[in-house]
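So the protein sequences, as listed, match chains V and R.
Each residue of the first sequence is one higher than the one before, starting from 1 at the first, in my numbering.
Each residue of the second sequence is one higher than the one before, starting from 1001 at the first, in my numbering.
Cβ atoms here follow ideal geometry from the backbone N, Cα and C, with glycine treated the same way.
Input: a single structure, listed below in structure tokens.
Number of protein chains: 2
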Amino acid sequence: MTVAPTADAPLTRNQTLVLEALAAAPVPLGAYALLDRLRDQGLRAPAQVYRALDRLQARGLVHRLETLNAFVACREAHRAEGPVVFVICEHCGRARELTDEVIGGRLRGLAAEAGLALHSSSVELRGTCAACGRTAAGTDPETR
Amino acid sequence: MTVAPTADAPLTRNQTLVLEALAAAPVPLGAYALLDRLRDQGLRAPAQVYRALDRLQARGLVHRLETLNAFVACREAHRAEGPVVFVICEHCGRARELTDEVIGGRLRGLAAEAGLALHSSSVELRGTCAACGRTAAGTDPETR
DNA sequence: AGCCGAATGTTATATCATAACATGCGGGCT
DNA sequence: AGCCCGCATGTTATGATATAACATTCGGCT
Ligand SMILES: [Zn+2]
Ligand SMILES: [Zn+2]
Ligand SMILES: [Zn+2]
Ligand SMILES: [Zn+2]
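In structure tokens:
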């Protein structure tokens, strides 16, 4: 979740580069994978990537997948809504972003019952996607 | 979640040490924090701690908190049930483990709808707990 | 031009996690 | 007993992820 906080200044150059690289990737990318892809465009150090990611996350344009230490561009434009659910295939690495009112509502309810002032949430489901499940179990995306 | 897989051999020495250290701690501990606390009992290297943690997690006796890179002893004895929800105070660092049938059921439903064969789940709510919220906002546990 | 705040560039280092290989110990077998 | 084997353990080294700290540049403003 991580609610969008403030005004929309235009994205800076580095933020744009990082966001576009994420949007173009079929799978979540780690900070160093981003750095590799952006060396040509002038990025040199991890700090540059992490800074851009921080700002993009603060705006809700990028999400961090905690179980992967990786990042995705937000596909929805939810940016202010509640908890998001990620569905992650451990096989092909693809991640889908969902929102669900039952989950969102109940998580807010649980936080309230627990006396927690909710700042952010992370919900990630891991498993094998339908496509990977159909190809002989154990096949990995490189093998196909 | 991360379902418990197999038979119960007795815990090994290192596993016992790690589990007891976690059970005694008021907050989740990282692997290196565990290592520090267990040097006296003979643990020397990160790999020893990570190995014990892996086995304890496989049995459902320990959970990993993905947003903290830290570990907690399981308080419930759920060990085979569905998704668990962690409620984490960013202030005092305490984490509570909950299970909720609405969340559990709906997450399984979402996975099924998405065509995902669910292997494990991670659900973490972050915020400020009631105790920390009452003490002048911004107070941290060291300060009190 | 001179100032200021924000973004950027750069170097170094902290933190988290695993690979790879050696050693030791116990249980079953001959 | 002596051997073998599986498995936990010990140990060293390295990989992967993330941040601290400080110098530099850029753009708007007066
Ligand atoms: Zn999103
Ligand atoms: Zn897949
Ligand atoms: Zn548990
Ligand atoms: Zn608290």
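Delimiting residues of the beta strand (DSSP E) encompassing residue i
i                       : result
residue 45 of chain V   : Unbroken run through residue 45 of chain V: none, as it is neither H nor E.
residue 1075 of chain R : Run containing residue 1075 of chain R: none; DSSP gives neither H nor E here.
residue 1062 of chain R : 1062-1065
residue 97 of chain V   : 95-98
residue 85 of chain V   : 85-89
Range of the contiguous alpha helix (DSSP H) that encloses residue i
i                       : result
residue 127 of chain V  : No alpha helix (DSSP H) holds residue 127 of chain V; the beta strand (DSSP E) holding it covers 117-128.
residue 1027 of chain R : Taken as a continuous stretch (DSSP letters only), residue 1027 of chain R belongs to no alpha helix (DSSP H), as it is neither H nor E.
residue 102 of chain V  : 101-114
residue 1035 of chain R : 1031-1038
Of the residues the options, the one placed nearest residue i, counting alpha carbons only
i                       : options                        : result
residue 1134 of chain R : V/116, V/135, V/96             : V/116
residue 49 of chain V   : V/89, V/65, V/30, V/98         : V/30
residue 93 of chain V   : V/69, V/77, V/105, V/21        : V/69
residue 1095 of chain R : R/1085, R/1120, R/1019, R/1014 : R/1085
residue 1028 of chain R : R/1099, R/1100, R/1071         : R/1071
residue 98 of chain V   : V/127, V/105, V/87             : V/87
residue 122 of chain V  : R/1129, R/1033, R/1112, R/1083 : R/1083
residue 130 of chain V  : R/1114, R/1129, R/1127, R/1132 : R/1114
residue 1119 of chain R : V/128, V/118, V/119            : V/128
Between the CA atoms of residue j and residue i - distance to the nearest angstrom
i                       : j                       : result
residue 108 of chain V  : residue 63 of chain V   : 19 Å
residue 125 of chain V  : residue 1057 of chain R : 17 Å
residue 1045 of chain R : residue 1012 of chain R : 17 Å
residue 52 of chain V   : residue 1066 of chain R : 22 Å
residue 1090 of chain R : residue 91 of chain V   : 32 Å
residue 139 of chain V  : residue 1021 of chain R : At residue 139 of chain V, the pLDDT of 47 sits below 50, so the modelled position is not reliable; the number obtained from the coordinates is stated separately. Each residue's Cα considered, the two are about 39 Å apart.
residue 17 of chain V   : residue 1055 of chain R : 41 Å
residue 77 of chain V   : residue 61 of chain V   : 8 Å
residue 1102 of chain R : residue 100 of chain V  : 12 Å
residue 24 of chain V   : residue 74 of chain V   : 12 Å
residue 36 of chain V   : residue 1010 of chain R : 46 Å
Residue burial classification, residue i (beta-carbon count within 10 angstroms, cutoff 16)
i                       : result
residue 1041 of chain R : exposed
residue 1059 of chain R : buried
residue 1144 of chain R : With a pLDDT of 40 at residue 1144 of chain R, under the threshold of 50, the modelled position of this residue cannot be trusted; read the value that follows with caution. Exposed, since its Cβ has fewer than 16 Cβ neighbours within 10 Å.
residue 1039 of chain R : exposed
residue 1146 of chain R : The displayed coordinates of chain R run from 1001 to 1144. Any statement about residue 1146 of chain R would go beyond what the structure contains.
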